[in-house]
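Comments concern the structure below.
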RNA sequence: GGCGGGUUGCCCGAGUGGUCAAUGGGAGCGGACUGUAAAUCCGUCGGCACAGCCUACGAAGGUUCGAACCCUUCACCCGCCA
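Numbering (my numbering), first residue to last: 60 to 494.
As structure tokens, then:
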């Protein structure tokens, strides 16, 4: 039996020095005493945690930075703890916000936590060994605590003048103030660090650079209550070359990990459309591809930008990481079919069917609606938007421009008698199937 | 509790009785150019049964032939005072 020749995705390049690797990837913004951290990492298993608040029903591509960083630590022989913010999600982190968060009901948060936890579990190995990951939820130790205990045991250690000085708080004071509830966020996060230390000997917390204040607050609390010292490590806040936060699609929406919110196809397309100058950066941040290979891809992209080698690799790696290697081939086939540029009637039925599963699609029965209605329905546009697309010459039926706003697909338009490929602009494709 | 300021479309932000679906900027979308990239230029940018109609300027009432704009009450935010 011949071995399967398809490359094993995702690629996991071996790493000798975790800190050096993080630095090369552009994942090191600040650390507390770096030499001490390096010594601890070299001396044995270090338990590292990162927190994930349930701000939506799914994590998004941006959340992958800390999550994959946990995995990087695990691969380097350390124990990762992904922490779901069942309690902190209640409060809402004021960091980087100018107004109060909208409070969610406990039921909403609980439902979200279930979803988030399932996603956190996908990226780490939860074996019984010394580096097996531990899934934690800060509601576990926060919920049983009384308000009095909290104020006495935790609040006591927080000088208000220091809290006020923190960037996340002072920024809010400038822009209209914040509630006591929100200001308490840093106490909760600090308590998490201490609890994870007590329970699992966790001595390091990682997060975005905007979390620096919250993380060091935790270190302070750890020192005061446990007389223990820990480490903080933050990543630079990643933005693309246009200053957008990582993981925002061109449409402005988040690129989610949940396939029902962002399809594998959409994720792959998102990667393929990454700016040339961001592709290498993303490869470093969001994949485990090694140094030499990334350098080669950078060179290749600079030499033949139109081939988008880095973007393609990023797309393959990320889809494999998030949705599994099996999904990659399907998505590639769908993308090739829909963007092949050739005559669509040359495509075979199987390819079209595959595209149907990956790309936005629509099923019609009986009489076929007008092109405008199909676009609106299938791509989630308003009728006005769809009509406008036609008016502006941006609507295509089987790669032919649609000029008439009231056009209805003719019988001869159906590929293989049952498929239509509609497009709005260059990259929004819709496959329609009739039964 | 008192006084003052504020609440406009996805965001910022003009407008202060008719000419306002509401100036401008950003984001987004479409086109041209390309490589499903960037930059640039042009267009577009509430909804719909689309040469028209409907809904909108925090909420509810009122004045008026006519209100985002004037009045009243309410909600929320900010500042100062208690």
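Ideal Cβ positions, reconstructed from N, Cα and C, are used throughout, including at glycine.
Residue state for residue 95 is assigned as helix, using DSSP reduced to three classes. Counting only runs of 4+ residues, the alpha helix (DSSP H) found wholly inside the stretch 261–335 occupies 271–285 and 323–331, in chain order. In the DSSP assignment, the residues bridged to residue 420 are 490. Apart from the 5 residues on each side of it in sequence, residue 390 sits with its Cβ closer than 7 Å to the Cβ of 323, 324, 327, 378 and 417 in its chain, given in chain order.
The shortest C-alpha to C-alpha distance from residue 265 to any of 107, 220 and 305 is the one to 107. Residue 451 is classed as exposed because its beta carbon has fewer than 16 other beta carbons within 10 Å across all chains shown. When the five nearest sequence neighbours on each side are left out, the beta carbons in the same chain lying within less than 7 Å of the beta carbon of residue 465 are those of 429, in order along the chain. Boundaries of the beta strand (DSSP E) around residue 110: 106–111.
Bounds of the alpha helix (DSSP H) holding residue 149 are 147–150. Residue 437 sits away from residue 403, with the two beta carbons spaced by 7 Å or more. About 14 Å separates the beta carbon of residue 395 from that of residue 370, a gap too long to meet the 8 Å contact definition.
Separation of residue 442 and residue 313 (C-alpha to C-alpha, rounded to the nearest whole angstrom) is 24 Å. CA-to-CA, the gap between residue 319 and residue 260 works out to about 37 Å. In the DSSP secondary-structure assignment, residue 478 is bridged to 474 and 492. The beta-bridge partner set that DSSP reports for residue 138 consists of 106. Sixteen is the threshold: when 16 or more other Cβ atoms of the shown chains lie within 10 Å of the Cβ of residue 482, as they do, the residue is buried.
The criterion of a C-beta distance shorter than 7 Å is not satisfied by residue 85 and residue 350. Membership of residue 456 in any alpha helix (DSSP H) is not indicated; the residue belongs instead to the beta strand (DSSP E) covering 454–456. Taken through DSSP and simplified to helix, strand or coil, residue 485 comes out as coil. Separation of residue 119 and residue 307 (C-alpha to C-alpha, rounded to the nearest whole angstrom) is 9 Å. Leaving aside the five residues that flank residue 184 on each side, the residues in its chain whose CB is nearer than 7 Å to its CB run, in chain order, 133, 191 and 192.
Under the three-state reduction of DSSP, residue 193 is assigned to coil, being neither helix nor strand.
By the CB criterion at 7 Å, residue 331 and residue 374 fall inside the cutoff. Excluding its 5 nearest sequence neighbours in each direction, residue 333 has C-beta neighbours in its own chain below 7 Å: 341, 370 and 373, listed in chain order. With 16 or more other Cβ atoms from the protein chains shown falling within 10 Å of its own Cβ, residue 112 counts as buried.
In the DSSP annotation of this structure, the continuous segment of the alpha helix (DSSP H) that includes residue 447 starts and ends at 442–450.
Residue 167 and residue 144 have their C-alpha atoms roughly 13 Å apart. Between residue 291 and residue 91 the beta-carbon gap is near 5 Å, inside 8 Å, which marks them as a contact. Put simply, the backbone Cα of residue 271 is about 10 Å away from that of residue 295. In its chain, beyond the 5 residues on either side, 376 have a beta carbon closer than 6 Å to the beta carbon of residue 346. Between residue 129 and residue 146, the CB-CB gap reaches or exceeds 7 Å. Counting the other Cβ atoms within 10 Å of the Cβ of residue 221 gives fewer than 16, which makes it exposed. Around the Cβ of residue 286, a 10 Å sphere holds fewer than 16 other Cβ atoms; the residue is exposed. Beta-bridge pairing by DSSP links residue 347 to 71. Rounded to the nearest angstrom, the Cβ distance from residue 278 to residue 256 is 10 Å, too far for a contact under 8 Å. The Cβ atoms of residue 268 and residue 293 sit closer than 7 Å to each other.
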